[in-house]
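Trainee:
In my numbering, the protein residues as written are 22 to 119.
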């Protein structure tokens with residue numbers, strides 16, 4: 022088997038162990054302190070920010086238009102409508118703007 026295959030398998034195992042390890046640690050507590058819970062609730066937003074922020078440095082007009090539309094829709098709509106609006110604007114802008 023190729024080296025790439027084993028790298029993917031090792032990454033999958035490491036990801037699984039990290040996730041199950043976190044679950045096992047948290048499940049041992051009867052009560053979770055509100056500050057810990059607030060911190061854990063903030064993790065998805067932090068991860069999303071680390072994925073989006075670097076791309077904005079190289080973003081063109083299509084990406085900025087999608088970002089603006091997504092931000093505006095997020096003020097009123099839900100998560101799915103925000104995602105769909107941003108994706109639609111990005112696809113259309115890349116198709117017609119370049």
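Glycine included, C-beta positions come from ideal geometry on N, C-alpha and C.
(1) Any idea if residue 42 is buried or exposed, counting beta-carbon neighbours within 10 angstroms, 16 or more meaning buried?
(2) Please report the residue range of the alpha helix (DSSP H) in which residue 26 lies.
(3) Comparing C-alpha positions only, which one of 76, 74, 114 sits nearest to residue 90?
(4) Alpha carbon to alpha carbon, what distance is there between residue 62 and residue 116?
(5) Taking residue 84 and residue 111 to be in contact with their CB atoms under 8 Å, please state how far apart those CB atoms are, rounded to whole angstroms.
(6) If you reduce the DSSP assignment to three classes, tell me which class residue 80 lands in.
(7) Would you mind reading off the limits of the alpha helix (DSSP H) that contains residue 112?
(8) Residue 104 to residue 65, Cα distance in whole Å?
(9) Exposed or buried, which one is residue 202 when buried takes at least 16 other CB atoms within 10 Å?
Mentor: According to the data block:
(1) Residue 42 comes out exposed.
(2) Under the DSSP assignment, residue 26 falls in the alpha helix (DSSP H) whose first and last residues are 24-48.
(3) Of the listed residues, the one whose Cα sits closest to residue 90 is 114.
(4) Each residue's alpha carbon lies about 36 Å from the other.
(5) With a Cβ gap of about 7 Å, residue 84 and residue 111 count as contacting.
(6) In this structure, residue 80 counts as coil in the three-state DSSP scheme.
(7) Under the DSSP assignment, residue 112 falls in the alpha helix (DSSP H) whose first and last residues are 100-117.
(8) Looking at the two C-alpha atoms, the distance is approximately 15 Å.
(9) The shown model of the chain, from 22 to 119, leaves out residue 202, and the question about it has no answer.
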